[in-house]
Structures are given as C-alpha cells and as structure tokens.
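Q: First, the structure itself, so that you have it in front of you.
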Amino acid sequence: MAMSHLSVVANVNGHEVTFEFDMPTVLTDEMQELQDFMAWQFENSAVPARTTADAAAFNTTCPRLTYAKKIKTGSDDDLCCAVCCTDFKPRMHVRRLPCGHLFCSKCITKWVTKESATCPTCRKSLT
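Residues 193 to 319 (this note's numbering) make up the sequence shown, in order.
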C-alpha cells in the first residue's frame, strides 16, 4: 500500500505546532477532497449580514424621552439599561423601543446604528 507523508501546521495557544502523519495515499486524497469541499462551502455560503438602522430613521421611530416615573410601565425592564446596566434616574435621556423595552438614549442609539437593528433584550427587529 502506498503511503504519503502529511504535515499539518497549526497555531495552538499562540504557538506554532506541526503534526506529522504517514497515511495511506487513498486517505490523503479523500482528505484533500474534503478540504476542497469545505473551502468551496466557506467561499460560496451566504452569511447573513447584520442590518443596522439609519440614525435619522431611528430618531423618528424611537424619539428621545426624559425618564420619569410616568413613562415607567411597571416592568422590571424599566429599572436599568440592559446595555450598560446603569439605573435610570429622573431627567435621564432614554428611548423606548417598539417592543416596549427602555434603554439609555446613547446606548441604544449606538447599538442600533453600529451593531444590530434589533432590541438587545428580546431581539425583535426594528426594521
């Protein structure tokens, strides 16, 4: 049986490690086919992109409010911002998303325009 020498170099915890194998040629051919297939899959698979919201549209959909007892709905979600964990205080600028969750105005604006157009708490889409 014909043998092939296979050398695999990997980075393990910041160190370059080389693995050496002597394998039957048939097996290395099958491994090459698998590697080619995996590379093709990776290159041709559509990875869904995160959508973000436009700041102007977000300002229209979720206007900035001033925190006060009257905008609190009685939910525990209205006690602090789920993004930065800061307790809400009177006169603090907040935004309520269509799903009802309340966040610091700066935190949620940054989240929606840079990270994802979804609620950080329930992942409901804002678009």
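Don't be surprised by glycine CBs; every beta carbon is placed ideally from N, CA and C.
Just so you know, these numbers come straight off a predicted model, no measurement behind them.
Alpha carbons only, please: which of Ser297, Lys281, Met195, Glu208 is nearest the one belonging to Thr253?
A: For this step, residue 253 is matched to residue 61 along the sequence shown. Taking only the C-alpha atoms, the option nearest Thr253 is Ser297.
Q: By Cβ distance below 6 Å, which residues in the same chain neighbour Cys291 in space, the five residues on each side in sequence not counted?
A: As a first step, residue 291 must be located in the sequence shown, where it is residue number 99. Answer for Cys291: Cys311, Cys314, Lys316, listed in chain order.
Q: Does the beta-carbon of Lys298, which I'm using as the reference point, lie nearer than 8 Å to any heavy atom of the ligand MG?
A: The ligand MG is not part of the structure shown, which contains no ligands of any sort.
Q: Going by the beta-carbon positions, is the gap between His285 and Thr305 smaller than 9 Å?
A: Here residue 285 is taken as the residue at index 93 of the sequence shown, counted from 1. Here residue 305 is taken as the residue at index 113 of the sequence shown, counted from 1. Not a contact, by the Cβ cut-off of 9 Å.
Q: Checking the sheet assignment: what are the DSSP bridge partners for Pro216?
A: Taking the first residue of the sequence shown as position 1, residue 216 is located at position 24. Paired residues: Met195.
Q: If you measure between the beta carbons of Arg288 and Thr301, is that distance less than 9 Å?
A: The count along the sequence shown starts at 1 and reaches residue 288 at position 96. The count along the sequence shown starts at 1 and reaches residue 301 at position 109. The answer is no: Cβ separation not under 9 Å.
Q: Alpha carbon to alpha carbon, how far is Asn251 from Ala245?
A: The residue labelled residue 251 in the question sits at position 59 within the sequence shown. The residue labelled residue 245 in the question sits at position 53 within the sequence shown. Between Asn251 and Ala245, the C-alpha separation is close to 10 Å.
Q: Tell me the DSSP bridge mates of Glu208?
A: As a working note, residue 208 is residue 16 in the sequence shown. BP columns for Glu208 point to Asn203.
Q: Less than 8 Å between the CB atoms is what I'm expecting for Met195 and Asp221, so what's the real figure, rounded?
A: As a working mapping, residue 195 is identified with position 3 in the sequence shown. As a working mapping, residue 221 is identified with position 29 in the sequence shown. The Cβ separation is near 13 Å, so there is no contact.
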